[in-house]
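With the UniProt record's numbering applied, the sequence shown has no gaps in its numbers, which climb one by one up to 285 at the end.
Note that the Cβ used here is the ideal one computed from N, Cα and C, for glycine as well.
This report refers to the structure that appears directly beneath it.
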Amino acid sequence: MKNIGINVNTTKDPDKKMLNFIKKTIHSIDKSVKVKVYENCDGLDKDESAKLDVIIVLGGDGTILNTSKHILDSNTPILGVNIGHLGFLAQVEVNSIENALKKLFNGNYVIEERNMIQCIYDDGNGPKTYDGLNDVVLYKGIKSRIQRYDVYINENFYNTFSGDGIIVSTSTGSTGYNLSAGGPIIYPSLDILCLTPMYSQFLTSRTIVLDNRCCITIAVRKNFKNIFLSIDGQEWIEVNGPNTIEVRRSKNKRKFIKFDDNNYFDTLKDKINFKAKEGEVYEGN
């Protein structure tokens, strides 16, 4: 490790105490390491990330997702440090940062690859492509009526859903918006896409789990306004129907630093079940 980037969410660490602690800890392990700091992804992109051995992300899951968006096509791994709410994607909690950094420099970690999702939407000026780590969401606005969505899988008609929207998530994103809408939790290494209707009028509307080689086409039936498309919750694009959205597996993958003592089921218990017992509202990632 000779070049390390730190992307910090300044709203989570406004006085830079955590940032400064991490920089100090890194240099106490190896004084020769070059550390470059990025605030809220400013200046961070694919070319910049190629100069780095790892990107340490300080924030919550939203900060990790935002970082992933900025370094699309990059092979540089991310190490998430949770200073947000739940931090389901983060490998490190604040009380174990020093130990985690020692493991990082000693090589006591593995690189975990997570599949990503791709959405193609034509806004009238030609098709635009968006990639995400968690999910693609098609959702009616607050002022919009219940919408009807025709869903096709590999060009074969699957079903029509009347409801608030449609979520297509990766296994990584299954613990986010998908879970809030009643979808299943899916083990993150599984190579799937999960399609979940949002608050449908029909009790028979259920999640379907698909091989992620499938191409999902969602057609908005009527010319309603205030229909929005979201990729990883990072931006909301207004879709004026009738329109068609295509969702499929992305060719990109996202690499994460993973330590041996990070057990997925412990994380699941700590981040979801335990928080629920404590009466906290689960916000997803």
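Short of 8 Å in beta carbon distance, which residues of its chain neighbour residue i, apart from the five on each side in sequence? Order them along the chain.
i: Lys128; result: Ile120, Tyr121, Asp122
i: Thr25; result: Ile97, Glu98, Leu101
i: Thr67; result: Asn7, Cys41, Leu44, Ile55, Val57, Ile78
i: Lys140; result: Ile146, Gln147, Asp164, Gly165, Phe224, Asn226, Ile227, Phe228
Alpha carbon to alpha carbon, what distance is there between residue j and residue i?
i: Lys269; j: Gly124; result: 45 Å
i: Lys23; j: Lys253; result: 28 Å
i: Ile3; j: Gly132; result: The sequence shown places Asn at residue 3, not Ile. Cα-Cα distance, rounded: 26 Å.
i: Pro184; j: Ser169; result: 10 Å
i: Lys251; j: Cys214; result: 13 Å
i: Leu229; j: Ile83; result: 28 Å
i: Glu39; j: Ser96; result: 22 Å
i: Met1; j: Val54; result: 8 Å
i: Arg248; j: Glu155; result: 12 Å
i: Lys51; j: Ile208; result: 41 Å
i: Asp266; j: Gly126; result: 45 Å
i: Asn115; j: Pro14; result: 32 Å
i: Leu104; j: Val110; result: 10 Å
i: Tyr152; j: Ile167; result: 14 Å
Is the beta carbon of residue i sitting closer than 9 Å to the one on residue j?
i: Ile29; j: Lys102; result: yes
i: Ala90; j: Val57; result: yes
i: Asp232; j: Asn134; result: yes
i: Lys34; j: Gln234; result: no
i: His85; j: Gly60; result: yes
Who are the near neighbours of residue i in its chain, counting only those whose CB is closer than 7 Å to its CB and skipping five residues on each side?
i: residue 292; result: Absent from the model: residue 292. The displayed extent of the chain is 1 to 285, so no value can be given.
i: Thr172; result: Arg114, Leu133, Asn134, Pro188
DSSP on residue i, reduced to helix/strand/coil?
i: Ala50; result: coil
i: Lys34; result: strand
i: Lys24; result: helix
i: Asp232; result: coil
i: Asn243; result: coil
i: Gly62; result: helix
i: Lys17; result: helix
In chain order, what residues of the same chain have a beta carbon less than 6 Å from the beta carbon of residue i, not counting five sequence neighbours either side?
i: Gln118; result: Asp131, Arg248, Ser250
i: Lys255; result: Pro77, Ile111, Glu113
9 Å is my cut-off, CB to CB: does residue i come that close to chain D?
i: Glu93; result: Chain labels in this structure do not include chain D; a single protein chain is all it has.
Query raised in the report: Would you say the segment 219-239 touches the segment 257-276, given that touching needs at least three Cβ pairs under 8 Å?
Result: The segment 219-239 is not in contact with the segment 257-276.
Query raised in the report: Using 8 Å as the threshold, is the segment 193-212 in touch with the segment 162-178, meaning 3 or more CB pairs across them?
Result: Using a C-beta cut-off of 8 Å, the segment 193-212 makes contact with the segment 162-178, since at least three inter-stretch Cβ pairs fall below that distance.
Query - Touching by the beta-carbon criterion (3+ pairs, under 8 Å), the segment 179-194 and the segment 232-246 - result: Under the three-pair Cβ rule at 8 Å, the segment 179-194 does not count as touching the segment 232-246.
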